[in-house]
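**Q**
Next up, the structure:
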């Protein structure tokens, strides 16, 4: 018998594909993203902590991925008590209560006008954050804000919506 040592994506791909198929066969209602999240969340980390360009998320762990399916983590709780303060003629400070202990971060959304509804994401901040500053705004303009937390499971509900007007 001849044995050889192989590594890299050519060897990782069939292993990851096999575990993904195993996970999917356990619960065929899971989406591709849910399966991807299960594989990423349960991989044994290698190299620099977290995902990196050399090892990706790490080494796939079939048993851990199946265990993850049996009791998946909860989505994050929504932030509350969103409030704003105009801090200068062209900036607004946003603050909220962090009601979650499992978020990856927060997504901040804004639209322009006192009754606007066409919110767009303007930025993110990391876990445990309770505020941010939105700068380079137009003077004497009203903006509406909302925030939600997120993690590998998904997004929380939105916070309350608040209006802020620059000086």
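In the working numbering, the protein residues as written are 1 to 167. We put the CB at the ideal spot given by N, CA and C, even for glycine.
Rounded to whole angstroms, what is the Cα-Cα separation between residue 136 and residue 111?
**A** 14 Å
**Q** Please state if the CB of residue 70 and the CB of residue 42 are separated by a distance shorter than 7 Å.
**A** no
**Q** I want to know whether the region 127-134 touches the region 74-93 - three or more CB-CB distances under 8 Å.
**A** yes
**Q** Within 10 Å of its beta-carbon, does residue 14 have 16 or more other beta-carbons around it, so buried, or fewer, so exposed?
**A** exposed
**Q** Tell whether a beta-carbon distance below 7 Å holds between residue 66 and residue 26.
**A** yes
**Q** Can you round the beta-carbon distance between residue 148 and residue 166 to whole angstroms, since I take them to be within the 8 Å contact cut?
**A** That belief does not hold up - the Cβ atoms of residue 148 and residue 166 are roughly 24 Å apart, past 8 Å.
**Q** Report the partner residues of residue 154 according to the DSSP bridge assignment.
**A** 151
**Q** Would you check if the distance between the CB atom of residue 104 and the CB atom of residue 151 is smaller than 7 Å?
**A** Note that the C-beta distance between residue 104 and residue 151 is below 7 Å.
**Q** Going by the DSSP bridge assignment, what does residue 146 pair with across the sheet?
**A** DSSP lists 109 as the beta-bridge partner residues of residue 146.
**Q** For residue 73, which of 158, 10, 5 and 154 has the nearest alpha-carbon?
**A** 154
**Q** In the structure shown, what three-state DSSP assignment does residue 25 receive?
**A** helix
**Q** State yes or no: is the C-beta of residue 163 within less than 7 Å of the C-beta of residue 146?
**A** no
**Q** How long is the line joining the alpha carbons of residue 46 and residue 86, rounded to whole angstroms?
**A** 45 Å
**Q** Taking 7 Å as the threshold (C-beta atoms), are residue 57 and residue 32 in contact?
**A** no
**Q** I'd like to check one pair, residue 79 with residue 159: are the Cβ atoms closer than 7 Å?
**A** yes
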